[in-house]
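Asker:
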Amino acid sequence: MHSSALIRTATAALALGTLAACSSTPAPTEQMAVSRTTVNRVAAAPAVATSAPVQLQQAREKLMQAEKAMAEKDYVAARRLAAEAEVDARVAETRADAASNAANLTQVQDGIRALQEEINRRSPR
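If you're matching positions, the sequence shown starts at 569 in my numbering and goes up one per residue.
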């Protein structure tokens, strides 16, 4: 009876091991592709390189780390790093947009100020 219990335990352990192997984390190929595309698109924008170089570099480094993790089949780390790279790229893009918007706002405010001065000069007192 003791040997049959041992066989059942071994069979159960083998079944659990097989199930664990089947349910292992799949390769994050889609996340990697999306992150790679996002980082490349953001890096191609000249304004990003001047307005948010640190965030852009962080995105590139995390994408490289994600690719290394993929090569090592560490799919959990690859997925996390790819997602972080995508977020860093979007932060860089947002900072560049904010800098551009601030410059546009300053230009509009200068135009309004010039128009107001012109109106004040032309109005009778």
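Quick reminder that beta carbons are idealized off the backbone N, C-alpha and C, glycines included.
For Glu652, which option in Asp665, Ala639, Met632 has the closest C-alpha, if you only look at C-alpha atoms?
Answerer: Residue Met632 is the option with its Cα nearest to Glu652.
Asker: Which whole-angstrom value is the C-beta distance of Ala664 and Ala613, which I expect to be below 8 Å?
Answerer: 6 Å between Cβ atoms; contact.
Asker: Quick one: measure Cβ to Cβ for Glu650 and Ala634, integer angstroms, because I've assumed they're closer than 8 Å.
Answerer: According to the sequence provided, residue 650 is Ala. The question's Glu does not apply to it. Rounded, the Cβ-Cβ distance is 4 Å, consistent with contact.
Asker: Could you check whether Ala667 and Ala620 sit closer than 9 Å to each other, using their CB atoms as the reference points?
Answerer: A contact, by the Cβ cut-off of 9 Å.
Asker: For Pro596 and Ala646, which I take to be in contact (beta-carbon distance under 8 Å), what is that distance rounded to the nearest angstrom?
Answerer: Sure, about 5 Å apart at Cβ, within 8 Å.
Asker: Count the other CB atoms, across all protein chains shown, that sit within 10 Å of the CB of Ser526; report buried if there are 16 or more and exposed otherwise.
Answerer: Since the first and last residues shown for the chain are 569 and 693, residue 526 lies out of range.
Asker: Once the 5 residues before and after Arg604 are set aside, which same chain residues still bring their CB inside 7 Å of it?
Answerer: Result list for Arg604: Leu631, in chain order.
Asker: State yes or no: is the C-beta of Arg606 within less than 9 Å of the C-beta of Glu685?
Answerer: In the sequence as displayed, the identity of residue 606 is Thr instead of Arg. Their beta carbons are not under 9 Å apart, which means Thr606 does not touch Glu685 by this criterion.
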